[in-house]
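Numbering (my numbering), first residue to last: 1207 to 1549.
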């Protein structure tokens, strides 16, 4: 889709706008774009290079890495490392895990601690219950919610980063990396592109994205924060970003109404139910994994507590949009990019 000569790529609550210029006279670079389905979403790699062959090879390697991580972090695939880990877990048993999985879990635990459990990868039992509730459009019973909540809590998971070992404290615990795995995959894909010399690059995991050096002739990659009310409307803001990551957690696309109450797909680990306030949280951070997890945490915490978390976290900025009685309210952290174009 194009508007006013600008290419627009929509991805979840974020979409990226790319200028049509492909290079300068002294730097004849061409824009290449590649796609692959992984982790249940569309991944996009955009890079600038001089040769199609090397660009194709680099993008394939980056997307192959994403596919590999899908096989590690998926809670849908029965043969994934994550599912196998949960299946063989016993209370108190120390289990060896891969370098990738321990890195994801270690970062998850850090965000869980700083957010006081608003982000929690042990939410797996509640995720399973809530997915069924959304399909059947019926809330879980109080007994089932209590049983699931008893298995949730980041303090019930021990992660030994150096030893690459994890311990579950209760039988029946299940992990859900849906709030961080895509961001981690984006980071690893960007690393591969950079190692192969493609620093003018962008990797987008359906709204979790990282950008490198700016496209030729630009100050940065133009990233638009979509409207919460209607993603097809004018964006809330347009940013020019370089060498950072940005992610959005929101319910513009995924919600369900049960008993007259609108519930988000975003789970509150404390209640076991979806959030009932329509919101969109966009986070800028050094890595996509951090942006991904922090966006989820801030969504659960709400604007005030979320802004306090951002203020206490180095290198993180956020934009929190809520929709109450058809009235949009916007909360920006103090360091939110001042060069943004506000709508």
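Yeah, the Cβ is synthetic: ideal placement off N, Cα and C, and Gly gets one too.
Pull the bridge partners of residue 1241 from the DSSP assignment, please. The sequence position of residue 1241 within the chain shown is 35, counting from 1. Residue pairing for residue 1241: DSSP places it in a beta bridge opposite 1250.
Could you say which of 1236, 1499, 1245 lies nearest to residue 1385 if we only look at CA atoms? Counted from its first residue, the chain shown places residue 1385 at position 179. Ranked by Cα distance from residue 1385, the first of 1236, 1499, 1245 is 1499.
May I have the straight-line CA-CA distance separating residue 1408 from residue 1451, to the nearest angstrom? The residue given as residue 1408 occupies position 202 in the chain shown. The residue given as residue 1451 occupies position 245 in the chain shown. Each residue's CA atom was taken as its position, placing residue 1408 and residue 1451 some 10 Å apart.
Could you pull the start and end residues of the beta strand (DSSP E) that residue 1429 belongs to? On the chain shown, residue 1429 is found 223 positions in, with the first residue counted as 1. If you look at residue 1429, you'll find it in the beta strand (DSSP E) that goes 1427–1431.
Can you list, in chain order, the residues of its chain with a C-beta nearer than 6 Å to that of residue 1530? Leave out the 5 residues immediately preceding and following it. Here residue 1530 corresponds to residue number 324 of the chain shown, with the count starting at 1. So the list is empty, once near-sequence residues are dropped.
Can the beta-carbon of residue 1434 be found less than 8 Å from the beta-carbon of residue 1502? For the purposes of this step, residue 1434 is identified with residue 228 of the chain shown, where counting begins at 1. For the purposes of this step, residue 1502 is identified with residue 296 of the chain shown, where counting begins at 1. Not a contact, by the Cβ cut-off of 8 Å.
Per-residue burial, residue 1209 [other beta carbons within 10 Å of its own, 16 or more giving buried]: Taking the chain shown and counting its residues from 1, one reaches residue 1209 at position 3. Here the model assigns residue 1209 a pLDDT of 43, short of 50, so the residue's position is not dependable, and the following value carries that caveat. Burial call: exposed.
Reduced DSSP category for residue 1229 - H, G, I as helix; E, B as strand; rest coil: Translated into the one-based positions of the chain shown, residue 1229 becomes position 23. Unreliable positioning characterises residue 1229 in this predicted model, as indicated by a pLDDT of 38, which lies under 50. The coordinate reading is nonetheless provided below. If DSSP states are grouped into helix, strand and coil, residue 1229 belongs with coil.
Considering residue 1469, what are the terminal residues of the beta strand (DSSP E) in which it resides? On the chain shown, position 263 is the one that residue 1469 refers to. Note, residue 1469: beta strand (DSSP E), 1467–1470.
Report yes if the CB atom of residue 1555 is closer than 8 Å to the CB atom of residue 1506, and no otherwise. With the chain represented from 1207 up to 1549, any question about residue 1555 goes unanswered, as that position is not in the structure.
The alpha helix (DSSP H) spanning residue 1398 covers which residue range? Here residue 1398 refers to the residue found at position 192 of the chain shown. Here the alpha helix (DSSP H) through residue 1398 covers 1387–1401.
In chain order, what residues of the same chain lie with their CB nearer than 7 Å to the CB of residue 1537, ignoring the 5 residues before and after it? Counting from 1 along the chain shown, the entry for residue 1537 is found at position 331. Once the five neighbours on either side are set aside, the close Cβ partners of residue 1537 are 1509, 1513, 1526.
For a test of the three-state rule: what should DSSP assign to residue 1442, helix, strand or coil? Taking the chain shown and counting its residues from 1, the one referred to as residue 1442 is at position 236. Coil.
Taking contact to mean 3 or more Cβ pairs, one atom from each stretch, closer than 8 Å, check whether the stretch 1365–1373 and the stretch 1402–1419 are in contact. Verdict: no, contact absent.
Work out the CA separation of residue 1363 and residue 1328 for me, nearest whole Å. Indexing the chain shown from 1 puts residue 1328 at position 122. Indexing the chain shown from 1 puts residue 1363 at position 157. As the crow flies, the alpha-carbon of residue 1328 is around 8 Å from that of residue 1363.
Extent of the continuous beta strand (DSSP E) to which residue 1489 belongs: In the chain shown, counting from the first residue as 1, residue 1489 sits at position 283. Start and end: 1484–1491.
N-terminal and C-terminal residue of the alpha helix (DSSP H) that residue 1294 is part of: As a first step, residue 1294 must be located in the chain shown, where it is residue number 88. For residue 1294, the uninterrupted alpha helix (DSSP H) run begins and ends at 1287–1294, by DSSP.
Check each candidate in 1290, 1258, 1281, 1306 and name the one with the smallest Cα separation from residue 1495. In the chain shown, residue 1495 corresponds to position 289, counting from 1. With distances taken between CA atoms, residue 1495 lies nearest to 1306 out of 1290, 1258, 1281, 1306.
With residue 1510 as the anchor, note down where its alpha helix (DSSP H) starts and where it stops. Within the chain shown, the letter at position 304 stands for residue 1510. Boundaries of the alpha helix (DSSP H) around residue 1510: 1509–1517.
Assign residue 1465 to buried or exposed, taking buried as 16 or more other Cβ atoms, counted over all protein chains shown, within 10 Å of its Cβ. Translated into positions along the chain shown, residue 1465 becomes position 259. Exposed, by the Cβ-count rule.
Nearest candidate by alpha-carbon position, reference residue 1539, set 1520, 1533, 1318: Working through the chain shown from its first residue, we reach residue 1539 at position 333. Comparing Cα positions, the closest option is 1520.
Since residue 1393 and residue 1281 should fall inside the 8 Å C-beta cutoff, what is the C-beta to C-beta distance between them, to a whole number of angstroms? Locating residue 1393 in the chain shown gives position 187, counting from the first residue. Locating residue 1281 in the chain shown gives position 75, counting from the first residue. With 8 Å as the limit, residue 1393 and residue 1281 do not qualify as a contact, their Cβ atoms being about 20 Å apart.
Identify, in the order they occur along the chain, each residue of the same chain with its Cβ nearer than 6 Å to the Cβ of residue 1271, setting aside the five sequence neighbours on each side. As a working mapping, residue 1271 is identified with position 65 in the chain shown. For residue 1271, same chain residues with a beta-carbon under 6 Å away, outside a window of 5 residues either side, are 1394, 1395, 1398 in chain order.
Note down the Cα distance separating residue 1490 from residue 1541, rounded to an integer number of angstroms. Taking the chain shown and counting its residues from 1, one reaches residue 1490 at position 284. Taking the chain shown and counting its residues from 1, one reaches residue 1541 at position 335. Distance from the CA atom of residue 1490 to the CA atom of residue 1541, rounded to whole angstroms, is 10 Å.
From the DSSP output, read off the bridge partner residues of residue 1451. Residue 1451 sits at position 245 when you count from the first residue of the chain shown. Beta-bridge pairing links residue 1451 to 1416, 1491.
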